[in-house]
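Participant: Below is a structure I'd like to ask you about.
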Amino acid sequence: MTRIILVCGFSAVLILPSIVRLIKRGNKKSAVVVAMLALFATAGMLLYFLHVRIPSVLSVISAWMRRIGLYYPN
Amino acid sequence: MRNQSFTPRQLGVALAAFIFAANRFSSYYTETLRQDAWLSVLLGLLFFAPIFLLYVALAREFPGKGLFQINEIVFGKGIGKGITVLYLFFFILINSMNQRYVADFTVNTILPEMALAPLVFSMAIVFAWVLRCGLRATMRIGWFVLLFAAGALVLSYALLAKQMQPANFMPAFRHAPVRYLQSAHTNAIISLGDMLCFLPLLRYMQPGKKVLRPVIIGILSGAALTLLCVCQNILVLGVLEPYRLYPAYDVARLIRISDAFSRMEFLFTIPALLLFTLRVLFLFFAIVEGMGQLFGIEDRRPLLLPTVGLCAALTFLVVSGSGELKAFTMGVAPFFSGFFVLLLPLLTLTVFLVRRNRVQEVIGNNAECREEVSA
Amino acid sequence: MQNAERKCRGFVALLLVGLLFLFAACNGSRELYDLGIVLGIGLDRSAEEGAVDMTLQLASGLQGEPGGGMGGLQSGEAFINYTLPGDVSLSHFRQFKLRMQKEVYLAHNELFVIGEPLARAGIGPYIDFFLRDPELRVSTNILVAKGSAAELLAAEAMLSEYPTLSLSQREDSYPLSGATSRCSLFDFVSAMASECRCATVPMAELQAGADGEPISVFNGLAIFRGDTMIGTLTQEEVSGLLFLTDAVRNGALRFSVDGSVVEVELQRSKTKLCYTVQEDGTADILVTIRSGGRIVSRAGGAAERNSIIRAGETRMQEEMLMTLRRAQELHADIFGFGDAIAKCEPDWWEVHGGNWEANLPRLRFAFDIVLEPGEL
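Chains as they are written, first to last, in our numbering: chain A, 5 to 78; chain B, -13 to 361; chain C, 15 to 390.
Have a look at this one:
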């Protein structure tokens, strides 16, 4: 729980001011994009800090490339 | 981004630093060719020459445009954005991998008791700070970083002169030809090919007459510095060289000026960290540029912080450990990156050449529209 | 609006400064008085099966004595030696931590001392830890103790408070004394990784000093094949090795001419080896030495300069032949001939290099020595 609060709080503190500023300036599209990116980043950090076991991107790519035979053997 | 323009000469310096940074924390040169590793730098340059010509052709056809704008012009808005997403995926991936290289190195050698997360997030804060300062400022410090790194390399040559054994280059040319090909391929795609990230930034370059010359000089001097560094590793470490995780760092650790100065590895670590920071920063600029183009946001500044945060988070999710990173770089990356570094730009150029007339019409129409609007 | 933005910026800055304390690696900070600074590490064969006795020499200048009266603790003024059996691993070092309030800090280690019985049994399993530990350095010297490493580390050093520093400095100063050759962990592991080269590690032993207290003296070299000690070179045989490996900087050459003893101090000595390989698997090695120097004593005073020079050159050749014979007896390539031939004649090496140790006695040597002492 502490981790979730820390990560979300950290992201919010860093991102919210700029979103607020963008909305005030009437740049809603930018605000949405920034909020979306920030959401992705927060989700990524949460996945790491909550030790959710997902295969790493590199291992997925490696397995796929090896299957189609494009790799240098060690 | 306001005030982002840079000169071709600054681009050359940045390219030199970018290429020199590539092999600082990895040993993929030496593993395949051992005592002939120096050759892979030269072969890599040869291998890269046609790719470079491809980039030059693209930049020539679309002066003042970045890679992502070119995509939208050539393929149309829909497919263009799709291809931009592919490039973005690639840039974000190698950015995260590069960040992981720095973080792993720091944790393995300099701060062994440090956890990875605080390190990556403090790095992210530094990156965000520099990104805010803009592309032009970053390009400007290229000179300083490059000179510092080159000076440190030359100094370490002088300090290690006694321990260098030219016989370590022998026996030369004893590997199977496939190995040379593999190492040239790896080198061309990974350490040189990553310079693809400068193509999106070309739209900020000040138009000048002599663009090609400083760029080529930059690439060659980056390769020359890399060559010097690889030769030093072989000369000093000899048979042990392929077994070490960070050969250049181990070389610096062997420097001893009598008993007074026996901790001289800063000659490696400080320039190497600076160079790598610069490398990661240029990748960041390319990513932010792509994000802006993708979502149609002209002012890129609000995008900086979330992008940096996203890449920092991905640093953990992309790679699960330094062993995996190395296996990927050595085995799969030359082919995987090849798709983005060679095939995608080639596709863009081919499609452009086929549809040249139509594309030029579109450009002309756009220009007319703009004139009408301004009128 | 402006004001709000400024406030916001101030808040973020404050947050970053706060984070600085969390992020700046302070979680792993260690105070100087928390460190047990290790100056030397000794390894000996242990009475326990599968274990070695590791002796750490810790500097005690900064720190109070760790709780006295513990087993195996020897206390001098400037240093403390502490021995524990184990397998040279993290858990072994942790055992030290459990017995003293200091953190074992290896970054200032100056010397590894290996007891001869352990060296003869093989030190490979223990070297690995030293290579991988980020605090230790591969440029650290290695030394073999005739007898026990712990005793050598405990012996009082002349003109130095720390036995390890004295031993390490003596090993470093070989170019000046010309009496022994230096071997660092890097040299040792390079020889281990090489196909055929044997490492030579200086040996030191305890001898009775003037006041009866034992003092450490360098004497001869230990020869290692791979990680195992297989023999020794006596002090007389060391100079031949130095000539053949081009390691002589300042060496004394002593010989007799017409019954009177003459000494030459060698300076600017340079050795070159030239290899000629034969189809039958043998090889000829031409040893070329050019050395300057000065004649420092001529007890009889009668001999002619030319005959002194000839006799000196003959003496150099004799010394080298003595060492070569010893190496051939042991089937140990301590000179790196095999490595050099593998590099310059790779095709020949692929055919004949397989059983290099057995081939060693079949090498033929020719000498071309020119001694040019400056003054009479």
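Cβ coordinates follow ideal geometry from the N, Cα and C atoms, glycine included.
Rounded C-beta distance between L256/C and A163/C? I'm assuming under 8 Å.
Facilitator: On the third sequence, position 242 is the one that residue 256/C refers to. On the third sequence, position 149 is the one that residue 163/C refers to. Going by Cβ atoms, the distance from L256/C to A163/C rounds to 25 Å, so no, they are not a contact pair.
Participant: Using only alpha-carbon positions, find the residue among P36/B, F91/B, G66/B and F38/B that is nearest to N9/B.
Facilitator: In the second sequence, counting from the first residue as 1, residue 9/B sits at position 23. Cα-wise, what sits closest to N9/B is F91/B.
Participant: Using the Cα positions of G306/C and A213/C, report the straight-line distance between them to the nearest angstrom.
Facilitator: The sequence position of residue 306/C within the third sequence is 292, counting from 1. The sequence position of residue 213/C within the third sequence is 199, counting from 1. Near 28 Å, if we compare the C-alpha coordinates of A213/C and G306/C.
Participant: Between V305/B and the rest of its own chain, which residues show a CB-CB distance below 6 Å, the 5 nearest in sequence each way excluded?
Facilitator: Within the second sequence, the letter at position 319 stands for residue 305/B. R86 and L311.
Participant: Do you know how far the Cα of V152/C is from the Cα of L145/C?
Facilitator: Taking the first residue of the third sequence as position 1, residue 145/C is located at position 131. Taking the first residue of the third sequence as position 1, residue 152/C is located at position 138. Whole-angstrom Cα-Cα distance: 7 Å.
Participant: Buried or exposed: where does K32/A fall if 16 or more other Cβ atoms within 10 Å of its Cβ makes it buried?
Facilitator: Translated into the one-based positions of the first sequence, residue 32/A becomes position 28. The residue is exposed, with fewer than 16 neighbouring Cβ atoms inside 10 Å.
Participant: So with CB distances below 9 Å, who are the chain C contacts of V17/A?
Facilitator: The residue given as residue 17/A occupies position 13 in the first sequence. Chain C residues near V17/A: F25, V26 and L29.
Participant: Check whether the Cβ of V266/B lies closer than 9 Å to any Cβ atom in chain A.
Facilitator: By 1-based counting over the second sequence, the position of residue 266/B is 280. No, V266/B does not count as interfacial toward chain A.
Participant: Under 9 Å, CB to CB, which of the residues in the segment 12 to 41 of chain A have a partner in chain B?
Facilitator: If the cut-off is 9 Å between Cβ atoms, the segment 12 to 41 of chain A has F14, S15, L18, I19, S22, I23, R25, L26, N31, K33, S34, A35, V36, V37, V38, A39, M40 and L41 near chain B.
Participant: Rounded to the nearest angstrom, how far is the Cβ of V216/B from that of V27/B, given a contact under 8 Å?
Facilitator: As a working mapping, residue 216/B is identified with position 230 in the second sequence. As a working mapping, residue 27/B is identified with position 41 in the second sequence. Contact flag correct, Cβ pair sits at about 6 Å.
Participant: According to the neighbour-count rule (16 or more other Cβ atoms, all chains shown, within 10 Å of its Cβ), is Y52/A buried or exposed?
Facilitator: What you label residue 52/A is simply residue 48 of the first sequence in a count that begins at 1. Label assigned to Y52/A: buried.
Participant: Find the nearest neighbour of S270/C within the set I156/C, G50/C and G326/C, judged by alpha-carbon distance.
Facilitator: By one-based count along the third sequence, residue 270/C stands at place 256. The residue with the shortest Cα to Cα distance from S270/C is G326/C.
Participant: Could you tell me whether the segment 278 to 285 of chain B touches the segment 34 to 52 of chain A, using the rule of 3 or more Cβ pairs below 8 Å?
Facilitator: With a cut-off of 8 Å, the segment 34 to 52 of chain A and the segment 278 to 285 of chain B count as touching, because enough Cβ pairs lie within range.
Participant: Got a sec: is the Cβ-Cβ distance from E19/C to anything in chain A below 9 Å?
Facilitator: For the purposes of this step, residue 19/C is identified with residue 5 of the third sequence, where counting begins at 1. At least one chain A Cβ lies under 9 Å of E19/C.
Participant: Buried or exposed, going by whether 16 or more other CB atoms sit within 10 Å of the CB of C297/B?
Facilitator: Translated into the one-based positions of the second sequence, residue 297/B becomes position 311. With 16 or more other Cβ atoms within 10 Å, it is buried.
Participant: For a cutoff of 9 Å on Cβ pairs, would you count T6/A as touching chain B?
Facilitator: If you number the first sequence from 1, residue 6/A lands on position 2. No, T6/A does not count as interfacial toward chain B.
Participant: Checking contacts by CB at 9 Å: is T16/B closer than that to chain E?
Facilitator: Among the protein chains in the structure shown, which are A, B and C, there is no chain E.
Participant: Helix, strand or coil, according to DSSP, for S321/C in the structure here?
Facilitator: If you number the third sequence from 1, residue 321/C lands on position 307. The answer is helix: DSSP assigns S321/C an H, G or I state.
Participant: Can you name the residues of chain A whose CB is closer than 7 Å to the CB of V60/B?
Facilitator: Sequence index remark: in the second sequence, residue 60/B carries index 74 (1-based). The premise fails here: V60/B is roughly 24 Å from chain A at the closest Cβ pair, so nothing lies under 7 Å.
Participant: Out of Y143/B, N173/B, G52/B and A7/B, which one is the CA nearest neighbour of V318/B?
Facilitator: Here residue 318/B refers to the residue found at position 332 when the second sequence is read from its first residue. Out of Y143/B, N173/B, G52/B and A7/B, N173/B has the C-alpha closest to the C-alpha of V318/B.
Participant: On the CB-based measure, 16 or more other CB atoms within 10 Å of its CB, does W68/A come out buried or exposed?
Facilitator: Your numbering for residue 68/A matches position 64 in the first sequence. Exposed: under 16 other Cβ atoms inside 10 Å.
Participant: By a C-beta neighbour count over all protein chains shown, 10 Å radius and 16 as the cutoff for buried, is L105/B buried or exposed?
Facilitator: Counted from its first residue, the second sequence places residue 105/B at position 119. L105/B comes out buried.
Participant: Is there at least one Cβ from chain B nearer than 9 Å to I9/A's Cβ?
Facilitator: Mapped onto the first sequence, residue 9/A falls at position 5. Not one chain B Cβ lies under 9 Å of I9/A.
Participant: If you draw a straight line from the C-alpha of N57/B to the C-alpha of I78/B, how long is it?
Facilitator: Looking up residue 57/B in the second sequence gives position 71. Looking up residue 78/B in the second sequence gives position 92. Using only the alpha carbons, I get a separation of about 18 Å.
Participant: Under the three-state reduction of DSSP, which class applies to Q281/C: helix, strand or coil?
Facilitator: Here residue 281/C refers to the residue found at position 267 when the third sequence is read from its first residue. It is a strand residue.
Participant: Return the CA-CA distance between L97/B and I323/C, expressed in angstroms with no decimal places.
Facilitator: On the second sequence, position 111 is the one that residue 97/B refers to. On the third sequence, position 309 is the one that residue 323/C refers to. Whole-angstrom Cα-Cα distance: 58 Å.
Participant: Can you tell me where the beta strand (DSSP E) holding T69/C begins and where it ends?
Facilitator: The residue given as residue 69/C occupies position 55 in the third sequence. It spans V66 to A73 - the beta strand (DSSP E) in which T69/C sits, taken as one unbroken run.
Participant: Can you tell me whether L81/B is buried or exposed, with buried defined as 16 or more other CB within 10 angstroms of its CB?
Facilitator: Against the second sequence, residue 81/B aligns to sequence position 95. In the sequence on display, residue 81/B carries Asn and not Leu. Result: buried.
Participant: Specify, as a first and last residue, the run of the alpha helix (DSSP H) that T18/B falls within.
Facilitator: Working through the second sequence from its first residue, we reach residue 18/B at position 32. First-last of the alpha helix (DSSP H) with T18/B: Y14 to L19.
Participant: Less than 8 Å between the CB atoms is what I'm expecting for Y96/C and F110/C, so what's the real figure, rounded?
Facilitator: Translated into the one-based positions of the third sequence, residue 96/C becomes position 82. Translated into the one-based positions of the third sequence, residue 110/C becomes position 96. Indeed, because the Cβ distance is near 7 Å, the residues count as touching under 8 Å.
Participant: Who are the neighbours of V203/C on chain B, taking C-beta pairs under 7 Å?
Facilitator: Position 189 of the third sequence, counted from the first residue, corresponds to residue 203/C. Under the 7 Å cutoff, chain B gives L226.
Participant: Is the segment 238 to 247 of chain C in contact with the segment 248 to 265 of chain B, if contact means three or more CB pairs nearer than 8 Å?
Facilitator: The segment 238 to 247 of chain C is not in contact with the segment 248 to 265 of chain B.
Participant: Skipping 5 residues on each side, what residues in its chain have a beta carbon closer than 8 Å to that of L1/B?
Facilitator: If you number the second sequence from 1, residue 1/B lands on position 15. So the list reads M181, F184, V201, G204, I205 and G208, once near-sequence residues are dropped.
Participant: Taking only three categories from DSSP, how would you classify D382/C?
Facilitator: Taking the first residue of the third sequence as position 1, residue 382/C is located at position 368. Strand at D382/C.
Participant: Out of curiosity, what's the CA-to-CA distance linking S105/C and H55/A?
Facilitator: Along the third sequence, read from residue 1 onward, the residue named residue 105/C stands at position 91. Along the first sequence, read from residue 1 onward, the residue named residue 55/A stands at position 51. Cα-Cα distance, rounded: 28 Å.
Participant: Measure the C-alpha to C-alpha separation of D298/C and V252/C and round it to an integer number of angstroms.
Facilitator: Numbered from 1 along the third sequence, position 284 holds the residue referred to as residue 298/C. Numbered from 1 along the third sequence, position 238 holds the residue referred to as residue 252/C. Using only the alpha carbons, I get a separation of about 23 Å.
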